[in-house]
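For the sequence shown, our numbering assigns the number 533 to the initial residue and increments by one for each residue that follows.
Glycine included, each C-beta is placed from N, C-alpha and C at the ideal position.
Predicted, not measured: the structure shown is a model, and the values here were computed from it.
The structure appears right after this line, and notes come after that.
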Amino acid sequence: MTDSTYVFPPGERITDDSTGAPISGATIYFYDAQTTNAKTVYADADLTASLGTSVVTDSQGYPTTNGITRTLIYVGTAPYKIVIKDSSSNTIATHDNIPGAVVSASSSDVAVTASFPVVTKSLNYTVVKDDQNSLFKINCSSGDVTLTLPSAVAMGNGWCIRVQHAGSANQAILATVSSQLISEGSKSFSTGYALALNGEDIELRSDGGNWSVVSHTSPFIKVAQGIIPITDRLSAPPVSPQHGAFYLLTSSPSGAWSTFSQHDIVQYHGGSAAWVNFTPYTDCGWFAYVADENLNYQFRDSAWVPESATNSVAGTVKTASQAVQETSTATDTAVTPATQQFHPSSPKWWLEATVSGGTPTVVASYNNTSITDANVGVLTATIATDFSSANWACHVTCRGPDTTQGRAGWVYDSSQSAGAITGLCYTLGSSSPSNTDPTAWYLSGLGDQ
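Put into structure tokens, the structure is as follows:
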């Protein structure tokens, strides 16, 4: 048995690296390794049917014996060099020192290795028989790309290809001819089978009449994903991201995210220090939880919408901050005991004090530090947490021991500050009104803190 090997795996063609289109009329020249000495190649494994020292490809980029009849190309054990030129004699590629066949020792040392060419398509394409075992990477970033399958009847039982969604958006669509079905489990598709998300991958195999999905790899982010865990919403990459961490892009992404779009989800791959983006499609309904905000988001229409509760919609309730309380307009926050006093309608300070023998005593209070009996009918109160300025509203009321003489309470002129106030109690209805100690003082204040 002659030791030989084929130059190209069965089914492999000469194609354009950028578009995947076959190169028609290309010439493959063969030389001894590291020389310009022409080398003879053969059409059979026994190295008896000479093809000469060069081979021309047909319209599908397949090597031929005469420009028409397709052929495999075999070489012996010696290393060799190939130079590929297009129909205009422009050099496309040069490869030198390619190993020849490995000398076989015994049958126990022999193994068979399958070859699966990788072909990238960004335009609609009709699959042909020679594409068997190919992996089609469909770059549908600019729009849907349709891959039309050949007739399963013509391909026969066992013919197969793989197809992968390799775009940032849109769909890779598999179409059949003659109403042939694509079956996956108990489900059958007659008008087309779509790969909708980046990374989704299937292997299709003919049974001689229709097509079957024999393996299906889920996309990176599934339609039925559940809640996607997001670290934060940002417009520029963080300094030290964790491997595998997801981020949700806000407006005008920059830095390593500058080629991505607002609303994209990006994931960091630490091994290669690279970012991969996933673009949600309109009304996809994806859910995301943003840990930094402790808030859920849903992709509705064409934007991420926070799942915040409002007066009319149920959802996640955020805690009202002091600033939110002071504006008193929010409809999507909850008031806690720690912030309720900051609402404009809530008293920030109040006090009840009784007077006995000229000595005042605090009965009940809120946000009050101390009281001082400055004089008869005069009481000074010191506030614990000051108002933001002296411009706040104070209410002073006095209680008297009987109904024959009224008691009037008011703020002592020029005594009001951000942290203290002096009240005055005055007797009314007598022939000689004067300051007098009331039975009790009642004071309160409204304003900004």
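Of the residues the options, which one's Cα is nearest the Cα of residue i?
{"i": "N629", "options": "S673, S674, Q566 and V650", "result": "Q566"}
{"i": "V913", "options": "R939, V856 and W973", "result": "Per the sequence presented here, residue 913 reads as Ala, with Val not at that position. If we check each option's Cα against that of A913, W973 comes out closest."}
{"i": "D549", "options": "N702, A625, V587 and Y538", "result": "A625"}
{"i": "A633", "options": "T534, Q592 and K669", "result": "T534"}
{"i": "G802", "options": "A777, P761, P785 and C816", "result": "A777"}
{"i": "A577", "options": "A570, T568 and P542", "result": "P542"}
{"i": "I797", "options": "I759, E858 and V651", "result": "I759"}
{"i": "G817", "options": "T811, F831, N702 and A916", "result": "F831"}
{"i": "S793", "options": "S673, R939 and S976", "result": "S673"}
{"i": "T559", "options": "T791, S783 and N598", "result": "N598"}
{"i": "A940", "options": "Q703, T971 and N702", "result": "T971"}
{"i": "G909", "options": "V895, I915, A916 and A885", "result": "A885"}
{"i": "H697", "options": "A728, S720, V588 and C957", "result": "A728"}
{"i": "T782", "options": "T749, V539, W836 and S840", "result": "W836"}
{"i": "S621", "options": "K653, V588, P649 and Y538", "result": "V588"}
{"i": "T568", "options": "H627, V894 and F810", "result": "H627"}
If you drop the 5 nearest sequence neighbours on each side, which residues of the same chain put their C-beta closer than 6 Å to that of residue i?
{"i": "R491", "result": "Examination of residue 491 is not possible in this model, given that the chain is present from 533 through 981 alone."}
{"i": "T551", "result": "none"}
{"i": "E476", "result": "Nothing can be reported for residue 476: it is not among the residues displayed for the chain, which extend from 533 to 981."}
{"i": "P876", "result": "S860"}
{"i": "S853", "result": "none"}
{"i": "A950", "result": "D918, F919, S921 and A922"}
{"i": "T791", "result": "none"}
{"i": "S747", "result": "E735"}
{"i": "Y657", "result": "L679"}
What first and last residue would you give for the beta strand (DSSP E) that runs through residue i?
{"i": "Q696", "result": "N689 to H697"}
{"i": "D764", "result": "D764 to L766"}
{"i": "G584", "result": "S582 to G584"}
{"i": "Y561", "result": "T559 to D564"}
{"i": "L655", "result": "It is not in any beta strand (DSSP E) - L655 carries neither H nor E in the DSSP assignment."}
{"i": "A835", "result": "A835 to P838"}
{"i": "F1011", "result": "Residue numbering for the chain in the displayed model covers 533 to 981; residue 1011 lies beyond these limits and cannot be assessed."}
{"i": "A862", "result": "A862 -> no beta strand (DSSP E), and no H or E assigned at all."}
{"i": "S747", "result": "W743 to T749"}
Quick one: residues in its chain with C-beta nearer than 7 Å to the C-beta of residue i, no 5 flanking neighbours on either side, listed in chain order?
{"i": "A788", "result": "P769 and W807"}
{"i": "N834", "result": "Per the sequence shown, the amino acid found at residue 834 is Ser instead of Asn. Cβ within range, chain order: T814."}
{"i": "Q873", "result": "K880"}
{"i": "M687", "result": "K661 and S738"}
{"i": "K571", "result": "F562, Y563, D564, T585 and Y612"}
{"i": "L655", "result": "V677"}
{"i": "G699", "result": "I670, N671, C672, S673 and N730"}
{"i": "T959", "result": "Q937, R939, P965, S966 and T968"}
{"i": "L978", "result": "P879, K880, W924 and A925"}
For residue i, which residues from the same chain have a beta carbon less than 8 Å from its beta carbon, with the 5 sequence-adjacent residues on both sides left out?
{"i": "Y574", "result": "S536, T580, A581, S582, L583, I605, Y606 and V607"}
{"i": "S683", "result": "V709, S710 and Q712"}
{"i": "E858", "result": "F874, H875, P876 and D980"}
{"i": "Q592", "result": "R545, P554, S556, V660 and D662"}
How would you write the range of the alpha helix (DSSP H) that residue i sits in, first residue to last?
{"i": "A855", "result": "Q854 to T859"}
Consider the C-beta atom of residue i and the heavy atoms of the ligand PLP; say whether any pair is separated by less than 8 Å.
{"i": "S783", "result": "Among the components modelled here there is no ligand, and therefore nothing to report on the ligand PLP."}
Would residue i count as contacting chain D if we go by Cβ distances under 9 Å?
{"i": "V660", "result": "Although the question refers to chain D, the structure presented lacks it and comprises just one protein chain."}
Exercise. Which whole runs of the beta strand (DSSP E) in the stretch 785 to 827 are 3 residues long or more, in chain order?
Worked result: 797 to 801, 806 to 810 and 819 to 822
For this session: Could you tell me whether the stretch 819 to 829 touches the stretch 707 to 723, where touching means 3 or more Cβ pairs closer than 8 Å?
Result: no
Exercise. Does the stretch 541 to 561 come close enough to the stretch 611 to 620 that 3 or more CB-CB pairs lie under 8 Å?
Worked result: yes
For this session: Decide yes or no for the touch test of the stretch 767 to 783 against the stretch 732 to 741: beta carbon pairs closer than 8 Å, at least 3 of them.
Result: Contact between the stretch 767 to 783 and the stretch 732 to 741 is absent, because fewer than three Cβ pairs lie under 8 Å.
Problem set entry | contact_flag[the stretch 898 to 913, the stretch 880 to 887] where n(CB pairs < 8 Å) is 3 or more | Judged by Cβ distances under 8 Å, the stretch 898 to 913 makes contact with the stretch 880 to 887, as three or more pairs qualify.
Problem set entry | Given 8 Å, three or more beta-carbon pairs between the stretch 658 to 676 and the stretch 693 to 708 | yes
Exercise. What alpha helix (DSSP H) runs, 4 residues minimum, are completely inside the stretch 663 to 734?
Worked result: 684 to 687
Exercise. Of all the beta strand (DSSP E) runs that stay within the bounds of the stretch 891 to 974, which reach a length of 3 or more residues?
Worked result: 891 to 898, 900 to 907, 910 to 915, 925 to 931, 938 to 943 and 952 to 960
Problem set entry | alpha helix (DSSP H) runs contained entirely in the stretch 603 to 637, provided each spans 4 or more residues | none
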